[in-house]
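In this note's numbering, the protein residues as written are 6 to 489.
Where is the CB? At the ideal position from N, CA and C, for every residue including glycine.
Source: prediction; values computed, not measured.
Given below as structure tokens:
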């Protein structure tokens, strides 16, 4: 149950008479209703309120649940005086004076108990309005546009005026606890009534006529007080529950991704699968890779790069197993940088070679083909890792799943020697995603070649790489299921 559902349940129990016991000695709602009607007649006779057209009797169909004996279903218009404000023109707005509240300020007061007001009217205008009535302590201010039904109980020291049509005032005759009415207004029963006929076209509205028609269950005054006291005892517990719920929701939301990061770290530290001496050592594998590179350079198939510096002890972020080896990433890969084309050098009609322009050309599983070029220069081939090195998506790494493509300046292609597992390299890049993001430079964030080539890379034997990849693929599927 969510915190809001729990709060709704408490309010529902309250207005159904199930939160506190009924006490016959406290009288009945019928007696209370008679007192309210007598008070209304007195005020009408004294000319303090207008006599309204009688409201229809409440039908059985309108009553959404049973209420206790001694309670009574009533319409708002029969138990409070529903009024609006006099028109305040924009020319009357001031930068100081008496606060002037719109629906948004009432909603803020209802939720937070305070508001940083920006509109005022002059004390003179407020004095003029006071002759026909201003909000008094115990009245309820209800937002009538935007977020409907947000209710604020006027306090003793409050002094403000409000915008006509966007705020409704429920003047309390003094026989109903204002806080009880506020909880009625917060109940799901009340929200259903408001939602069912809020009217308006582009903006939902709550009119005085509709407000008068809404019904609610009225208990005796003494029971109202006990209900409010019980609600106010329980709501702080709901707040504590909400804090715990929020933490749990945050944990559940982060857990799959945190678990994925943890698994990737375990993998590249050699803690995910056991080491097997019969699989050889990383030193032997590294020697084979260097021999392969020298052969390709000699055959003109690979460009000779400037030697990379040795890895210092300070650069090693963790211990690796015996049989593994710290190497520079650039010493075991070939890194291809891209170049951009002008608009007249590419097309979207499928002529030529696929053109990968940047992060927008890549999904999580491969290339999104939408452009081609007839003058390709910098190639990525199927099986290469495409690393976004510039722009908003930099750090993203996916496999090239097209046979051949030209890459733009926002992309680097990582190509391996035959002695490496490409999936292991990609998982390494995923594990170091935040490292890559930190390398962003310049006005347009990005990663330079040096940052990629100089990365400290924990190299396991090839057979162990394959076992690590197999285990990762098994576990990461489970992480994805946790998100469902």
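Under three-state DSSP, which class holds residue i?
i, result
"residue 335", "helix"
"residue 451", "strand"
"residue 422", "coil"
"residue 411", "strand"
"residue 485", "helix"
"residue 206", "Note that residue 206 scores a pLDDT of 43, beneath 50, so its modelled location is shaky; the value from the coordinates is reported in the next line. Looking at residue 206 - three-state DSSP - the assignment turns out to be coil, as it is neither helix nor strand."
"residue 352", "strand"
"residue 11", "helix"
"residue 282", "helix"
"residue 105", "strand"
"residue 6", "coil"
"residue 471", "helix"
"residue 429", "helix"
"residue 183", "helix"
"residue 397", "coil"
"residue 377", "strand"
"residue 416", "strand"
"residue 63", "coil"
"residue 323", "coil"
"residue 480", "helix"
"residue 294", "helix"
Apply the 10 Å Cβ neighbour rule to residue i and answer buried if 16 or more other Cβ atoms are within range, or exposed otherwise.
i, result
"residue 22", "buried"
"residue 234", "exposed"
"residue 176", "buried"
"residue 380", "exposed"
"residue 491", "Because the chain here runs from 6 to 489, residue 491 falls outside it and cannot be looked at."
"residue 248", "exposed"
"residue 411", "buried"
"residue 12", "buried"
Output the boundary residues of the beta strand (DSSP E) element that contains residue i.
i, result
"residue 87", "85-88"
"residue 461", "461-464"
"residue 72", "That residue, residue 72, is in no beta strand (DSSP E); it is neither H nor E in DSSP."
"residue 158", "156-158"
Taking residue i as part of the alpha helix (DSSP H), name the residues at either end of that continuous run.
i, result
"residue 135", "128-135"
"residue 176", "Per DSSP, residue 176 belongs to no alpha helix (DSSP H); it is in the beta strand (DSSP E), 172-177."
"residue 116", "108-117"
"residue 145", "First-last for residue 145: 145-148, but that is the beta strand (DSSP E), not the alpha helix (DSSP H)."
"residue 78", "Per DSSP, residue 78 belongs to no alpha helix (DSSP H); it is in the beta strand (DSSP E), 77-80."
"residue 217", "213-218"
"residue 24", "From DSSP, residue 24 is part of no alpha helix (DSSP H); its letter is neither H nor E."
"residue 440", "438-443"
"residue 243", "226-273"
"residue 364", "Careful: residue 364 lies outside any alpha helix (DSSP H) and carries neither H nor E."
"residue 197", "193-201"
Find out if the Cβ-Cβ distance for the pair residue i, residue j is shorter than 8 Å.
i, j, result
"residue 261", "residue 487", "yes"
"residue 407", "residue 374", "yes"
"residue 385", "residue 392", "no"
"residue 147", "residue 211", "yes"
"residue 415", "residue 396", "yes"
"residue 166", "residue 120", "no"
"residue 420", "residue 337", "no"
"residue 497", "residue 290", "Residue coverage of the chain in this structure runs from 6 to 489, which leaves residue 497 outside it and unanswerable."
"residue 230", "residue 182", "yes"
"residue 372", "residue 394", "no"
"residue 441", "residue 332", "no"
Please confirm whether residue i has its beta-carbon closer than 8 Å to some beta-carbon of chain B.
i, result
"residue 51", "Annotation note: the requested chain B is absent from the structure, which comprises a single protein chain."
Would you say residue i touches the ligand MG, meaning its beta carbon is less than 7 Å from a heavy atom?
i, result
"residue 466", "The model depicted lacks the ligand MG and carries no ligand whatsoever."
Next on the checklist: Would the stretch 313-320 count as touching the stretch 347-364 if we require 3 or more Cβ pairs under 8 Å?
Outcome noted: Result no; under three Cβ-Cβ pairs closer than 8 Å.
Checklist entry - Hey, is the stretch 213-220 in contact with the stretch 67-83, meaning 3+ C-beta pairs nearer than 8 Å? => result yes
Next on the checklist: Assess contact between the stretch 44-64 and the stretch 236-251, defined as three or more Cβ pairs (one per stretch) separated by less than 8 Å. Is contact present?
Outcome noted: no
Checklist entry - Counting Cβ pairs, one atom from each stretch, are 3 or more of them under 8 Å apart for the stretch 109-126 and the stretch 148-157? => result Short answer: they touch.
Next on the checklist: Quick check: the stretch 190-203 against the stretch 167-174, are at least 3 beta-carbon pairs closer than 8 Å?
Outcome noted: no
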